[in-house]
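A.B. asks: Following my numbering, the numbering of the sequence shown begins with 1 at its first residue and continues without gaps. Yeah, the Cβ is synthetic: ideal placement off N, Cα and C, and Gly gets one too. Fair warning: this is a prediction, and the values are worked out from it, not measured in the lab. Questions regarding the structure given below will be posed in turn.
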Amino acid sequence: MSGDPMSGGPMAGDRSRADSLRWAAEGTTIFFDALAGLPDERLDEPTALPGWSGRHLLAHVAANADALANLVHWARTGEERPMYSSPEQRDADIAAGAARPAAELRAWAARTAGDLGARLAELDERQWKEHVRTAQGRTVTAEEIPWMRAREVMVHAVDLGAGVTFGGLPADFLAALAGDIAAKRAAGPGPALTLTATGGGGTWRIPGAGPAVAVTGTLAGLAAYLSGRPFDGVTGETGGPPPELPRWL
């Protein structure tokens with residue numbers, strides 16, 4: 001199936017709205033439960049994300065909810081409201097948010113998460129089909145918004161370093177995440193891959209440079225690998241390490 005970014009798992013476009021809303025709610029609970037167990041001083045420490053402390057990560061999650069709420073407003077009213085005014089402003093807002101007192105930063109993240117959930121619940125059937133534009137410039141329907149939030153809170157719950165692992169995330173979310181990333185990687189630079197999750201977790205084929213390299217691992221390991229996070233139990237051909245991948249987002 002050359003050119004088909006995935007096979008044997010759910011295609012990115014097959015995610016239902018109900019799935020995405022459920023994952024966004026589950027991910028929000030996972031993220032904030034992990035955050036509650038993280039002392040304030042740990043927020044000052046670096047994360048696995050280059051240049052970001054826990055404070056930067058939390059500010060990003062808070063600002064992301066506000067940004068996605070802009071897209072909900074766009075879908076609900078027809079008034080164009082981009083996620084961020086510019087990439088520079090996004091970075092400046094994260095830096096400023098990271099400098100807030102820890103209690104204020106935590107409250108901001110919780111408030112924006114709650115506000116986004118409430119705004120999503122207000123959309124009607126017509127509004128869910130309205131087109132909006134992501135920060136990467138993709139035109140999507142509003143039904144993509146809860147998936148975008150699910151992806152943020154689930155993956156960044158792992159990035160917090162508070163004990164959440166990819167293996168602790170819901171398997172159906174991991175399959176959807178692997179498919180979503182595979183579809184995006186199929187459109188960009190990188191090696192050709194055939195990824196197989198052990199235990200029947202799915203198979204994804206990504207076209208790219210050179211002959212396809214067979215990569216095998218657990219579903220959680222493959223999701224971590226595809227998203228550019230530290231991974232375990234993922235091997236390339238002959239049992240060696242899998243190919244390095246370019247940036248995902």
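1. With DSSP collapsed to three states, give me the class of S275.
2. Check each candidate in A162, G27 and A36 and name the one with the smallest Cα separation from A65.
3. Is V153 closer than 8 Å to F31 when the C-beta atoms are compared?
4. Among the residues of its own chain, which have a CB less than 6 Å from the CB of E130, if the five just before and after it don't count?
5. Looking at C-alpha atoms only, which residue of A162, L177, V132 and K184 is the closest neighbour of A150?
6. Any beta carbon from chain D within less than 8 Å of P241's own beta carbon?
7. Is it the case that the Cβ atoms of L71 and I145 are separated by a distance below 8 Å?
8. What's the gap between the Cα of S86 and the Cα of G199?
9. Would you decide whether T165 is buried or exposed? Buried here means 16 or more other CB atoms lie within 10 Å of its CB.
10. Could you check where the alpha helix (DSSP H) with R126 kicks off and where it finishes?
11. Check whether the Cβ atoms of L21 and L105 lie closer than 8 Å to each other.
12. Considering only their Cβ atoms, is the gap separating G161 from A220 smaller than 8 Å?
13. With distances taken between CB atoms, is the gap from L245 to L222 smaller than 8 Å?
14. For the alpha helix (DSSP H) containing A212, name the first residue and the last one.
15. Based on Cα-Cα distance, which residue from G208, S53, A36 and G117 lies nearest to H73?
16. Along the chain, which unbroken stretches of the alpha helix (DSSP H) at least 4 residues long are found entirely within the stretch 136-218?
C.D. replies: In short, the structure shows the following:
1. One cannot answer for residue 275 here, as it falls past the ends of the chain, which runs 1 to 249.
2. Numbered from 1 along the sequence shown, position 65 holds the residue referred to as residue 65. Nearest of A162, G27 and A36 to A65, Cα basis: G27.
3. Counted from its first residue, the sequence shown places residue 31 at position 31. Counted from its first residue, the sequence shown places residue 153 at position 153. Cβ distance < 8 Å, so F31 and V153 count as in contact.
4. Position 130 of the sequence shown, counted from the start, is the residue given in the question as residue 130. Cβ within range, chain order: A75 and A142.
5. The residue given as residue 150 occupies position 150 in the sequence shown. The shortest Cα separation from A150 among A162, L177, V132 and K184 belongs to L177.
6. The chain labelled as chain D is not found in the depicted structure, where only one protein chain is given.
7. Within the sequence shown, the letter at position 71 stands for residue 71. Within the sequence shown, the letter at position 145 stands for residue 145. For L71 and I145, yes; Cβs fall inside 8 Å.
8. Against the sequence shown, residue 86 aligns to sequence position 86. Against the sequence shown, residue 199 aligns to sequence position 199. Taking the straight line joining both Cα atoms gives about 43 Å.
9. The residue labelled residue 165 in the question sits at position 165 within the sequence shown. Flag for T165 reads exposed.
10. Your numbering for residue 126 matches position 126 in the sequence shown. Per DSSP, R126 belongs to the alpha helix (DSSP H) from E125 to W128.
11. As a working mapping, residue 21 is identified with position 21 in the sequence shown. As a working mapping, residue 105 is identified with position 105 in the sequence shown. No.
12. By one-based count along the sequence shown, residue 220 stands at place 220. By one-based count along the sequence shown, residue 161 stands at place 161. Not in contact: A220 and G161 (Cβ atoms no closer than 8 Å).
13. Residue mapping note: residue 245 aligns to position 245 of the sequence shown, counting from 1. Residue mapping note: residue 222 aligns to position 222 of the sequence shown, counting from 1. No, the Cβ-Cβ distance between L245 and L222 is not below 8 Å.
14. Sequence index remark: in the sequence shown, residue 212 carries index 212 (1-based). Not the alpha helix (DSSP H): A212 falls in the beta strand (DSSP E), residues A209 to G217.
15. Counting from one through the sequence shown, the residue named residue 73 turns up at place 73. Per the Cα distances, G117.
16. 144-159 and 171-186
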